[in-house]
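Numbering (my numbering), first residue to last: 296 to 570.
Think of the CB as a built atom: it goes at the ideal place given N, C-alpha and C, for glycine as much as any other residue.
The structure under discussion appears below in the form of structure tokens.
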Amino acid sequence: PAYLNPYENDNLIRLGQDYDGGYLVDKKSVLSTDVLIAIGISYDWSFERDFFKLNKCKITAYDGSVGRKFFIAKIKTRIKNTFKNLSLEYFIKTVWWLLLPVRFFIFFNNLNFQKKKKHFELFVYENKPNFDSEYFVKKNGYNPNFIEFNEIIKKISTEKNIFLKIDIEGDEYSLLNSLIKLENRLVSLVIEFHNLNKVNYKILEDFISEFKLNLCHTHINIAGSFNEDGTPKVIELTFIKDIMSDTRVNSLPHILDMNTFPTDIKYEVTFWRNN
Numbered sequence: 296p297a298y299l300n301p302y303e304n305d306n307l308i309r310l311g312q313d314y315d316g317g318y319l320v321d322k323k324s325v326l327s328t329d330v331l332i333a334i335g336i337s338y339d340w341s342f343e344r345d346f347f348k349l350n351k352c353k354i355t356a357y358d359g360s361v362g363r364k365f366f367i368a369k370i371k372t373r374i375k376n377t378f379k380n381l382s383l384e385y386f387i388k389t390v391w392w393l394l395l396p397v398r399f400f401i402f403f404n405n406l407n408f409q410k411k412k413k414h415f416e417l418f419v420y421e422n423k424p425n426f427d428s429e430y431f432v433k434k435n436g437y438n439p440n441f442i443e444f445n446e447i448i449k450k451i452s453t454e455k456n457i458f459l460k461i462d463i464e465g466d467e468y469s470l471l472n473s474l475i476k477l478e479n480r481l482v483s484l485v486i487e488f489h490n491l492n493k494v495n496y497k498i499l500e501d502f503i504s505e506f507k508l509n510l511c512h513t514h515i516n517i518a519g520s521f522n523e524d525g526t527p528k529v530i531e532l533t534f535i536k537d538i539m540s541d542t543r544v545n546s547l548p549h550i551l552d553m554n555t556f557p558t559d560i561k562y563e564v565t566f567w568r569n570n
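In structure tokens:
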């Protein structure tokens, strides 16, 4: 749809690892940020790492699927299964899992109050959690914890320039009204939309029409497959406060874009407009 056609921006840079985990953002917005809030990181903090290299601002991350409790449960399972599976491949992967929390907590150090980079093992929700806690406990072996989005914003009441990154596997729709209320404090928003169908595309269209920030990049996540009409089910959008041009881009993907996973798949994006 035409409302997903972004404005031209020569200031775009890529932050994060190759393939999944990297995003195109506006460099000026990054440099003007007071605090980066990352909601949903799993165990890939490459975006936050690259962001901090450019701007050593405060970084606060929230994700209930990774953290101390997750690593303890995961490592116990890996060590236990290593003795059952004596293959070299499994052993190497177990070593990777043993080293991952070390690297994770070197970057996110909550114990030192002087550190600017903190992570909280909390799922973010709005109004009420849309979450299958019973399945989570069965899968992971421990109870999940939650925090309301508005509580996060209260914690940063003094910071004016907020850069917000959201990737929460479909729960992003519940946050849209709060994002509109927060728009005057945002310098940029990077958000991934999942489960896009006719209904959710309409919700997205309404959000973009109300949201004051301007769309400066659209990325198709080809791992999310497509609807029958050719529209993608998963897209990543970058919004910024100030546009560099009032002209829309002529073609996508952007030269800095990468597919979600290594592949030879080639594609181009076209936009249709309602009559």
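- Within the stretch 421-495, the complete beta strand (DSSP E) runs of at least 3 residues fall at 441-443, 457-461, 481-488.
- Nearest to residue 507 by alpha-carbon distance, out of 308, 453, 329, 482, is 482.
- In the three-state scheme derived from DSSP, where H, G and I count as helix and E and B as strand, residue 345 is classed as helix.
- The beta-carbon distance between residue 417 and residue 442, rounded to whole angstroms, is 4 angstroms. This is short enough to meet the 8 angstroms contact definition.
- If you ignore the 5 residues before and after residue 555, its C-beta comes within less than 7 angstroms of the C-beta of 314, 315, 516, 517, 518, all in its own chain and listed in chain order.
- Residue 562 counts as exposed, since fewer than 16 other C-beta atoms from the protein chains shown sit within 10 angstroms of its C-beta.
- Under the DSSP assignment, residue 384 falls in the alpha helix (DSSP H) whose first and last residues are 383-402.
- In this structure, 480 is the residue among 480, 371, 436 with its C-alpha nearest to the C-alpha of residue 329.
- Distances from the CA of residue 435 to each of 366, 527, 454, 500 were compared; the closest alpha carbon is that of 366.
- Here residue 309 carries a strand assignment [DSSP, helix/strand/coil].
- Secondary structure at residue 501: helix, using DSSP grouped into helix, strand and coil.
- Contact annotation: the stretch 414-433 does not touch the stretch 371-384, with fewer than three C-beta pairs closer than 8 angstroms.
- Just measuring C-alpha positions, the residue of 302, 296, 347 sitting nearest residue 545 is 302.
- Rounded to the nearest whole angstrom, the CA to CA distance from residue 379 to residue 386 is 11 angstroms.
- Exclusion of the five residues before and after residue 560 leaves 517, 554 as the residues of its chain whose Cβ lies within less than 8 angstroms of its Cβ.
- Distance from the CA of residue 566 to the CA of residue 335, rounded to the nearest whole angstrom, comes to 29 angstroms.
- Residue 323 carries a helical assignment under DSSP once its states are collapsed to helix, strand and coil.
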